[in-house]
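**Q** This is the structure, below, for whatever I ask next.
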Amino acid sequence: MAEKDPKKNDVLDLAPETRAPEEAPTEPAGFLKKLTRGLFMTHTELLEKMSSAMQGKVTLDERTFEYLEEVLIGADLGVETSLELVERVRRNARKEQVGSTERLRKLLADEITEILRDAPVPRRFHRGPLLTLVVGVNGVGKTTSIAKLTRRAQSEGQKVLLAAGDTFRAAAIEQLALWGERLGVEVIRQGQGADPGAVVYDAIHAARARGTDRLIIDTAGRLHTKDHLMAELGKVRRVIDREAKDWQVQTLLVLDATTGQNALSQARTFSQVVPIDGVLLAKLDGTAKGGMAVAVAKELRLPVLYLGVGEKADDMVEFRPREFAAALLG
Amino acid sequence: MFDGLQNKLQDVFSRLKGEGKVTPEALDAALRQIRLALLEADVHLRVVKPFIDRVRERALGQEVMESLTPAQQVVKIVRDELAALLGDEGTELRLDGRPAVVMLCGLQGSGKTTTAGKIAKRLKKRGKHPLLVAGDLQRAAAVEQLKQVGRGVDVPVIEPEPGESVVALGTRALGIARQRGHDVMIMDTAGRLHVDAALMDEIRRLAEAIQPVETLFVADSMTGQDAVKSAEQFAAALPLTGAILTKLDGDSRGGAALSIRTVARVPIRFVGIGEKSDDLELFHPERMASRMIGMGDILSLIEKAEKGLDGAETQRLAERMVNKQFTLEDLRDQLRQIRRLGPLASVLEMLPKVGPLKALDASQVDEGGLKKVEAIINSMTPQERNRPDVLNGSRKRRISMGSGTSVAEINRLLKQYKQMQKMMKGVQGKWLRRAMGGGAGMRG
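First to last, the sequence lines map onto chains S and P.
Just so you know, we're using the working numbering here: the first sequence kicks off at 25 and counts up by one.
Just so you know, we're using the working numbering here: the second sequence kicks off at 658 and counts up by one.
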């Protein structure tokens, strides 16, 4: 429905100044279309709000900055990050004598982009087997995200193997197995209640025997406040370290875009148990902006790697700081 | 990350020293702190603004402006107002009709299927004979999940036939429920986005077909500012009779509760507090209000303590503390008791961050450290536990080998133990003073 007129939904058309020159318009269309499908409505709404707040005015008064602050808090960037961003913009705006809404938006988008780019550059993986461990709290969308990662790896010609490491939740194994069937990928599994460490052990050895390029491991959703479950995750990690010494290992933390301030607490606690390489921000196809990803990048220096934008295996895009910043403000 | 509101307000008002009365400027500063605290708790902007106005109005009254403890007064106002806004205590499900139909709805991953199982269990305890209907035809293996959940709580599950729509499934299940004499039918549904017009229309048609007496919006307590939008739109599409707030066993402040209650005007009925089928409780606005402003959930802690602690043992330890006979052995026993309450960090989270507890930072608690302490004490002889003064280098080396720790760690423990003894004397002194005259520390 919304796809009919992608131009109209294209955030870059609303904020053309954010388009990086090196990006040809051909490929990002899908990215932006997906990302902005749900964001469009709120985007214009806020844009109008901002414009009307500053209409005809060249001076930047406190009300304008308060608006900015609210736009950011409303996008779940968190109080601390929002206040800091507005403070930075306030300084630069005075310096540069900002006179237009567009210019102010650009300044704000620049600051957000900078925070996002400031997170360590995601590790580049060379050829050779890669193991991806997928972790997160309950219901953030780990299993669906794994399907998307699988599809992506397949499209790059990799041979993928999945491991059903969520042996706790009812039918989690079946859920992953169904995705495996749909995607034509083998799933290493044991029964419900089995030791996830044992499943991972099996999977690593199976992957080796089959000459797999990519092993993706699902884990049970666990609230980061539950010590015993976090300890279990630590054990899984130790099994990986011991059994897959010659593999490249990547751990992805899945965060739900609708989550508020708690995302920070999740990222912090998970990082203490397993070294996290990056964040996969899921469920961006609703009205939630996922602004906590900015706070997570800033406070914990965790880069965002992928965005989940739907329920199908293709609904995942690579993260791009500048576009994400633009969409956040929209 | 999040200090209790009381702490922050204490800071604001402590700058008033000597002026005697609260100035309007101080009140403004306090209100700003309250605003930030609520936003940090994920309360929606739209809710925060009118709320602050209300608190300002009440705070301008005599009780605060001339109070000697303005911070406490303001916190009390905030807490009362929050609790009032959060609405009434949760109520059990209404079960009119035969069968009474209970429908769950919500976003993906909010916890509908797990909650369906919990509701079934709760109703069984009320002597009902519920029937579960697996209406999530979207997510892979969701039907299988409910089947397993149903098996776990021993409640039959109706699953869809191939190609059957959810509306047809609901209607058919209703017939089965009548025929088999079930008094309640619990309808699980697929997670859907409130902006997904097709799926929202589908659930509307389902509701028309099965006429639920309870339509419950299941919401993740960790939801941020978006809670308003999703709750509002679900409420617009369906005649919601309540909300269930899930995953409250995490450490979120749960501000979404206020957004759901006030903006979408949906009463909160239950909270989910764990993954087991018993982990569903009625909603308590007072507790939620305390949690939101970081005052700690004392009531839940007391409940937990009652379940986890051995009363006689606690009494014995308390007496020894008062009598200054608190030995290392008592320390170990106490640690064991505390650990029985669950992860220490979550226990500390429930405590209010005031008074002597102010310095406790839950995020810095080292659970492993506690285990080490226990190991060290376990490696001591009874004599050493009762009179740690006898510990010399050679004894410490023996203990270090026995407990797998270093001598430095043993020394640290001994030092902490001595400090603790000192602190206990101090605390008792303070208590004594308060009991005798009260108002300690109010001068200035």
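Ideal placement from N, C-alpha and C gives every residue a C-beta, glycine not left out.
Which of the three DSSP states, helix, strand or coil, is assigned to A188 (chain S)?
**A** If DSSP states are grouped into helix, strand and coil, A188 (chain S) belongs with the strands.
**Q** How about L902 (chain P) and T872 (chain P): are their beta carbons less than 7 Å apart?
**A** Taking 7 Å as the Cβ cut-off, L902 (chain P) and T872 (chain P) do not qualify as a contacting pair.
**Q** Residues in the stretch 145-167 of chain S with C-beta within 9 Å of chain P's C-beta atoms, listed in sequence order?
**A** Correct list: V161, N162, G163, V164, G165, T167.
**Q** For P787 (chain P), write down the residues that DSSP places opposite it in a beta bridge.
**A** P787 (chain P) pairs with P:V841.
**Q** Does the count of Cβ pairs from the stretch 176-190 of chain S and the stretch 207-225 of chain S closer than 8 Å reach three?
**A** Taking 8 Å as the limit for Cβ pairs, the verdict is that the stretch 207-225 of chain S does touch the stretch 176-190 of chain S.
**Q** Would you identify the three-state DSSP class for L717 (chain P), choosing helix, strand or coil?
**A** Correct three-state label for L717 (chain P): coil.
**Q** Taking just the CA atoms, how far does L279 (chain S) sit from V164 (chain S)?
**A** Between V164 (chain S) and L279 (chain S), the C-alpha separation is close to 6 Å.
**Q** Going straight from the alpha carbon of T1038 (chain P) to that of E1066 (chain P), what length do you get?
**A** Going from the Cα of T1038 (chain P) to the Cα of E1066 (chain P) covers about 17 Å.
**Q** Which residues of the stretch 187-203 of chain S have a Cβ closer than 7 Å to any Cβ of chain P? Give them in chain order.
**A** Within the stretch 187-203 of chain S, the residues whose Cβ lies closer than 7 Å to some Cβ of chain P are A194, A195, E198, Q199, L202, W203, listed in chain order.
**Q** Cβ of E801 (chain P) less than 7 Å from any chain S Cβ?
**A** Yes - at least one Cβ of chain S is within 7 Å of the one on E801 (chain P).
**Q** Which residue or residues does DSSP assign as beta-bridge partners of L937 (chain P)?
**A** Beta-bridge pairing links L937 (chain P) to P:G929.
**Q** With DSSP run on the structure shown, which of helix, strand or coil describes Q214 (chain S)?
**A** Coil at Q214 (chain S), not helix or strand.
**Q** Do you know how far the Cα of R973 (chain P) is from the Cα of R1052 (chain P)?
**A** If I take the Cα positions, the gap works out to 29 Å.
**Q** Can the beta-carbon of S934 (chain P) be found closer than 7 Å to that of K1072 (chain P)?
**A** Going by C-beta atoms, S934 (chain P) is not nearer than 7 Å to K1072 (chain P).
**Q** Going by beta-carbon coordinates alone, are V928 (chain P) and L897 (chain P) separated by less than 7 Å?
**A** Not a contact, by the Cβ cut-off of 7 Å.
**Q** How many Å lie between G246 (chain S) and A847 (chain P) at the Cα?
**A** Note on residue identity: the sequence assigns Arg, not Gly, to residue 246 (chain S). Cα-Cα distance, rounded: 22 Å.
**Q** Compute the Euclidean distance between the alpha carbons of L96 (chain S) and S106 (chain S), then round it to the nearest angstrom.
**A** Rounded to whole angstroms, L96 (chain S) to S106 (chain S) spans 6 Å at the Cα level.
**Q** Quick check on DSSP: helix, strand or coil for E859 (chain P)?
**A** Three-state DSSP puts E859 (chain P) in a helix.
**Q** Which residues share a DSSP beta bridge with A757 (chain P)?
**A** Answer is P:V841, bridged to A757 (chain P).
**Q** Is there a Cβ of chain P sitting closer than 7 Å to that of V103 (chain S), yes or no?
**A** Yes, because at least one Cβ of chain P sits closer than 7 Å to the Cβ of V103 (chain S).
**Q** Rounded to a whole number of angstroms, what is the C-alpha to C-alpha distance between T283 (chain S) and N1068 (chain P)?
**A** Roughly 44 Å separates the two Cα atoms.
**Q** Along the stretch 273-290 of chain S, where does the CB come closer than 9 Å to a CB of chain P? Name the residues.
**A** Those residues of the stretch 273-290 of chain S that come within reach of chain P (Cβ to Cβ, closer than 9 Å) are D280, A281, T282, T283, G284, Q285, N286, A287, L288, S289, Q290.
**Q** Report yes or no: do three or more beta-carbon pairs, one from the stretch 326-338 of chain S and one from the stretch 135-146 of chain S, lie closer than 8 Å?
**A** These segments touch.
**Q** Give me the Cα-Cα distance between L863 (chain P) and Q290 (chain S), rounded to the nearest whole angstrom.
**A** Going by the C-alpha atoms only, they are around 36 Å apart.
**Q** Can you list, in chain order, the residues of its chain with a C-beta nearer than 6 Å to that of W271 (chain S)? Leave out the 5 residues immediately preceding and following it.
**A** Correct list, in chain order: P153, L155.
**Q** If you measure beta-carbon to beta-carbon, which residues of the stretch 866-889 of chain P are closer than 9 Å to chain S?
**A** Residues passing the 9 Å Cβ filter: D877, S878, M879, T880, G881, Q882, D883, A884, K886, S887.
**Q** The beta strand (DSSP E) with T364 (chain S) in it runs from where to where?
**A** Residue 364 (chain S) cannot be examined here, being either before or after the span of chain S that is shown, 25 to 354.
**Q** Count the CB pairs spanning the stretch 730-742 of chain P and the stretch 852-863 of chain P that are closer than 8 Å, and state whether there are at least three.
**A** Touching, no, given that fewer than three Cβ pairs across the two stretches are closer than 8 Å.
**Q** Are V228 (chain S) and I170 (chain S) close, meaning C-beta to C-beta below 7 Å?
**A** A small fix is needed here, since residue 228 (chain S) is Ile in this sequence, not Val. No. Outside cutoff.
**Q** Apart from the five residues just before and just after N162 (chain S), which ones in its own chain have a Cβ nearer than 6 Å to its Cβ?
**A** The answer, listed in chain order, is G245.
**Q** My output table needs one value for A900 (chain P): the three-state DSSP class, helix, strand or coil.
**A** In the structure shown, A900 (chain P) sits in a strand (DSSP, three-state: E or B).
**Q** I need the DSSP call for R342 (chain S), collapsed to helix, strand or coil.
**A** Note that residue 342 (chain S) corresponds to Glu in the displayed sequence, not to Arg. Three-state DSSP puts E342 (chain S) in a strand.
**Q** Taking Cβ-Cβ distances below 9 Å as the criterion, which residues of the stretch 797-828 of chain P are in contact with chain S?
**A** Against chain S - using a Cβ distance shorter than 9 Å - the residues of the stretch 797-828 of chain P are A797, A798, A799, V800, E801, Q802, L803, K804, Q805, V806, R808, G809.
**Q** Any beta-carbon of chain S closer than 7 Å to the one on G1025 (chain P)?
**A** No - not a single Cβ of chain S is within 7 Å of the one on G1025 (chain P).
**Q** Tell me whether the beta-carbon of A884 (chain P) lies closer than 7 Å to the beta-carbon of S909 (chain P).
**A** No, they are not a contact pair.
**Q** What separation, rounded to the nearest whole angstrom, lies between the Cα atoms of I691 (chain P) and E104 (chain S)?
**A** Answer to the nearest angstrom: the Cα atoms are 14 Å apart.
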